[in-house]
């Protein structure tokens, strides 16, 4: 027969071992929990910006799958962190400017064409799709073909247009991207020495970087001035903006940007071929990114402005067509909205 006393002792030992085991498990769990908390404090989760549709869609509303992507350009220096800006749109200021132009130049509503006002020599049109106004001379002067145009004087004409109407937006002329045009009815690009018209782009600058609208290639503002220093045309957004720093985010490297492009988080904002105007951008077999720069882009949905890599690239699609293109992808961490 089993000894009752020995059995009782064994049961007590077994219970003691179980308690000790449970205690050790609890201690280990507590240690792991503490380590996890310390680790999360020392390595915080990277904050990301929601990547909206314009970061994935091309200028023609298609999306591209990239098979091979490489960078052959020079190394560019970027900050460790970028400022992210909150944008405040002032549509009232643009509307006030439009109304003053209508009054000053005695423009009348065109009953057949919506958002179009015309006068004896000037006209104003509003494009709701492009979010801009176009103010123009109804009958363009041809300029004096013998008179050399002075760039700084033409720029002053452009800036004075905004000063005249007390527009305090901090728009800066982009001298490196001025277009030099001739006096033909259908104007074409010419050498600087032969130009009789200048098309002067303007935009905001944040931390020394130009600001663009989502995945648009063109500058949001420009003036066209002739060599008689008459402003023939002005394009301005249907809202002006003010910016304030929202936060800082770490920048990503070019290698990380290439991974984004391979993952489809890229927008082709311009594409040209010498062979055909019809270009298939759905599948790109090879993309050679041969130069890089940074600009800021305004996200209409989030009302923020944040940095993007802008690459000049040579592309080859699945049909073997060679394409000259411009590609953008965010220069900070992003995540697609679920």
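Residue numbers (this note's numbering): 2 to 339. Glycine included, C-beta positions come from ideal geometry on N, C-alpha and C. Keep in mind that this is a model prediction, so the values were computed, not measured.
Annotation: the continuous alpha helix (DSSP H) that includes residue 162 extends over 152-165.
Membership of residue 138 in any alpha helix (DSSP H) is not indicated; the residue belongs instead to the beta strand (DSSP E) covering 133-138.
Inter-segment contact for the segment 309-318 and the segment 291-299 is present: three or more beta-carbon pairs are separated by less than 8 Å. Residue 126 carries a strand assignment under DSSP once its states are collapsed to helix, strand and coil. Within the segment 253-278, the runs of beta strand (DSSP E) at least 3 residues long that lie entirely inside it are, in chain order, 268-273.
A residue is called buried once 16 or more other Cβ atoms fall within 10 Å of its Cβ, and residue 115, having fewer, is exposed. Only residues of its own chain outside the window of five on either side were considered, and among them 98, 101 have a CB closer than 6 Å to the CB of residue 166, listed in chain order. By the neighbour-count definition (other C-beta atoms within 10 Å, threshold 16), residue 277 is an exposed residue.
The beta carbon of residue 188 is closer than 6 Å to those of 182 in its chain, skipping five residues each way along the sequence. Pairing residue 211 with residue 90 gives a Cβ-Cβ distance that is not under 7 Å. The beta carbons of residue 287 and residue 69 sit closer together than 7 Å. Ranking 50, 285, 305 by CA distance to the CA of residue 71 puts 285 first. A distance of 7 Å or more separates the beta carbons of residue 55 and residue 262. DSSP places residue 206 in the strand class (E or B) of the three-state scheme. Taking the CA atoms as reference points, residue 235 sits about 14 Å from residue 103. For residue 329, the enclosing beta strand (DSSP E) has its first and last residue at 323-331.
Around the CB of residue 318, 16 or more other CB atoms lie within 10 Å, so the residue is classed as buried. DSSP, read as helix, strand or coil, puts residue 55 in helix.
Around the Cβ of residue 92, a 10 Å sphere holds fewer than 16 other Cβ atoms; the residue is exposed. If only complete runs of 3 or more residues are kept, the segment 168-233 shows the beta strand (DSSP E) at 180-182, 198-204, 210-214, 222-227, in order along the chain. Residue 238 is a Cβ neighbour of residue 221, given a cutoff of 7 Å. Residues 251, 252 of the same chain have their beta carbon placed closer than 7 Å to that of residue 81, with the five preceding and five following residues left out of the count. Counting C-beta pairs closer than 8 Å gives three or more between the segment 191-199 and the segment 148-155, which meets the contact rule. Following the DSSP letters along the chain, one finds residue 104 inside the alpha helix (DSSP H) bounded by residues 92-105.
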